[in-house]
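Note that our numbering gives residue 31 to position 25 of the sequence shown, counting from 1, and the numbers run on in steps of one.
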Amino acid sequence: MRLLFEMDNKDYDPDGEVFRRPSARGIIFRDGRIAVIYSRRYKYCKLPGGGIEDGEDNITAMIREVREETGLIVKGDTVREFGYVHRIQKGKHEPVFIQDNYYYFCEVEDRQEETELSQNEKEADFVPVFITLDEAIRINEEYAEHNDNTMIQRELRVLRLIMEYSAGSR
7 MRLLFEMDNK DYDPDGEVFR RPSARGIIFR DGRIAVIYSR RYKYCKLPGG GIEDGEDNIT
67 AMIREVREET GLIVKGDTVR EFGYVHRIQK GKHEPVFIQD NYYYFCEVED RQEETELSQN
127 EKEADFVPVF ITLDEAIRIN EEYAEHNDNT MIQRELRVLR LIMEYSAGSR
């Protein structure tokens, strides 16, 4: 899979213990809109997906995470690689946090199940929505003006790359 970009905060001890937490995320379009998880509490959005569990491959993790966060059922035969982001920074509880975030275009079935949100996701008041790419970018730009959040910076850059990719494939 191609590297989209790297994010290195250079705020960590290079000799510190490393914690790795790879993730996989879905890029889902329906009727010209993209599926995102919107935080009603914090007013940002992210692409659906999350951590890859031990023994899971990237695609299986992405399909599971999309279903848990949005209730959407990914059609496995439609999954296509977009790219990944390599991120390294000081962790909240560990000296060095490294995360490779893998992004996949995919299609979903027409039906939607109940979400299965984690406690942190419930506290952020996450809701799945389909919005335009422009709106998703605007929401995250507004959030980023007042918050230094590496995850949202990553998602904002990925959303812009999706916009460039979509414009080039027309």
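Ideal placement from N, C-alpha and C gives every residue a C-beta, glycine not left out.
- Of all C-beta pairs linking the stretch 10–17 to the stretch 84–98, three or more are shorter than 8 angstroms, placing the two stretches in contact.
- If you compare the alpha carbons of 48, 101, 119, 53 with that of residue 111, the shortest gap goes to 53.
- In the DSSP assignment, residue 107 falls within the unbroken beta strand (DSSP E) covering 102–112.
- Inter-segment contact for the stretch 163–173 and the stretch 66–74 is absent: fewer than three beta-carbon pairs are separated by less than 8 angstroms.
- For residue 41, DSSP records a beta bridge to 136.
- Collapsing the DSSP output to three states places residue 67 in a helix.
- Bounds of the beta strand (DSSP E) holding residue 24 are 24–26.
- Boundaries of the alpha helix (DSSP H) around residue 128: 125–129.
- If you draw a straight line from the Cα of residue 143 to the Cα of residue 7, it is about 24 angstroms long.
- Contact between the stretch 39–48 and the stretch 117–134 is present: 3 or more CB-CB pairs across the two stretches fall below 8 angstroms.
- Between residue 145 and residue 50, the beta carbon gap of about 6 angstroms places them in contact (Cβ cut-off 8 angstroms).
- A residue is called buried when at least 16 other Cβ atoms come within 10 angstroms of its Cβ; residue 9 does not meet this threshold and is exposed.
- The bridge partners DSSP lists for residue 29 are 57, 107.
- Spanning the alpha carbons of residue 27 and residue 63 requires a straight line of approximately 13 angstroms.
- For residue 80, the uninterrupted beta strand (DSSP E) segment begins and ends at 78–80.
- C-alpha of residue 17 to C-alpha of residue 115: approximately 42 angstroms in a straight line.
- Ranked by how close their Cα comes to the Cα of residue 21, the residues 61, 149, 103, 153 have 103 in first place.
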